[in-house]
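The sequence shown begins at 0 in numbering that gives the first Met the number 0 and counts up one residue at a time. The beta-carbon is built from N, C-alpha and C at its ideal position, and this holds for glycine as well.
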Amino acid sequence: MKRKAKLGSIALLCALSLNILIFSSGCATRSEIKRFQQQMDYLVKANQYEYKKLAQIDSLLNEQQKLLRQLQATHDYDLARVQEELKTVENILRESGYKVSALTQQIKSMEQEIAKRQATPKTESETTKVTISARELFETGQLDFNRGKYQLAKLSFQQFLSLFPQSVLADDALYNLAECDYNLGRYRDAREGYIKLVQDYPESEFAPSALYKAGLASLKIDDVTSTKKYFQMLVKKYGHSHEAELAKEKLKKLRK
């Protein structure tokens, strides 16, 4: 236990040092600075979480079960998609070195339960009883993101956008979803997500950062033409933003 506490403290100190270095470099976007601040809060929560709930698999399953019941009640789900997401969770845990024999059995039981209940019509009273918190689901994805569990975070943000498309956090979730793809090296998918955010939420505080990251994602796949296009669009649409200044510097280097 002392060893775990020591490792947790080291992890927090490393994260803090990294954030200080990024801030001092002057290259962080506003949304990144905001995210770094959030990460420190979430890291503290995550450190506490590790000691209070060591059974991470059970926590993941509980969250999936709540989502499944919500989707059941609203008749707004596709069984094949739900099963695919469950398999994704199982594979992620397997790759992380967890023992998943019990998990596999629970997933099979859940799939059987879903199939059985799918054939049973829900009454109006049963439907109205099932609720899920948008904030809770968003924070689940944010916590996984801050832990570097980007695939799990993607699942939460995708489900969030599916269940709460009109939420005030929808633009945050869309940006985070693109960030997950970027960190997973899926630069084309990330670029598509960033551009969708700019198109759907042009007034979002994340829009300048999304355009800037779309340019960076294009650069990652050697699409210099698109990089210049997005940086120029950023300077034109959000000329007073910090990201626009970063884009101008990048454009100067690309012209050389």
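Using DSSP with H/G/I as helix, E/B as strand and the rest coil, what is F144?
The sequence position of residue 144 within the sequence shown is 145, counting from 1. Helix.
Between F272 and F159, how many whole angstroms is the CB-CB distance? I'm expecting something under 8 Å.
The displayed coordinates of the chain run from 0 to 255. Any statement about residue 272 would go beyond what the structure contains.
Given a threshold of 16 other Cβ atoms within 10 Å of its Cβ, counted over all protein chains shown, does H241 qualify as buried or as exposed?
By 1-based counting over the sequence shown, the position of residue 241 is 242. Answer is buried; the Cβ neighbour count reaches 16.
Going by the beta-carbon positions, is the gap between V197 and L210 smaller than 8 Å?
To locate residue 197, count along the sequence shown from 1; it is residue 198. To locate residue 210, count along the sequence shown from 1; it is residue 211. Cβ distance < 8 Å, so V197 and L210 count as in contact.
Out of Y174, A246, A243 and S155, state which residue places its alpha-carbon closest to the alpha-carbon of S132.
Translated into positions along the sequence shown, residue 132 becomes position 133. When each option's Cα is compared against that of S132, the closest is S155.
Whole angstroms is fine: what's the gap from G238's alpha carbon to A177's?
For this step, residue 238 is matched to residue 239 along the sequence shown. For this step, residue 177 is matched to residue 178 along the sequence shown. Between G238 and A177, the C-alpha separation is close to 23 Å.
Suppose only complete runs of 3+ residues qualify. What are the beta strand (DSSP E) ranges in the segment 180–235, listed by chain order?
Runs of the beta strand (DSSP E) spanning 3 or more residues and lying entirely within the segment 180–235 do not occur at all.
Could you give the DSSP three-state label for V129: helix, strand or coil?
Taking the sequence shown and counting its residues from 1, the one referred to as residue 129 is at position 130. For V129, the predicted model reports a pLDDT of 41, less than 50, meaning its position is unreliable and no value from the coordinates is stated.
Measuring straight from C-alpha to C-alpha, what distance separates S30 and G184?
As a working note, residue 30 is residue 31 in the sequence shown. As a working note, residue 184 is residue 185 in the sequence shown. Those two C-alpha atoms are separated by around 20 Å.
Start and end of the alpha helix (DSSP H) containing F156?
Residue mapping note: residue 156 aligns to position 157 of the sequence shown, counting from 1. Unbroken alpha helix (DSSP H) run through F156: Y149 to L162.
Length of the line joining the Cα atoms of Y229 and Y181
Numbered from its first residue, the sequence shown carries residue 229 at position 230. Numbered from its first residue, the sequence shown carries residue 181 at position 182. Straight-line Cα distance between these residues: approximately 16 Å.
Within this structure, are the beta carbons of L233 and P207 separated by less than 8 Å?
Start at 1 with the first residue of the sequence shown, and residue 233 comes out as number 234. Start at 1 with the first residue of the sequence shown, and residue 207 comes out as number 208. Yes. Within cutoff.
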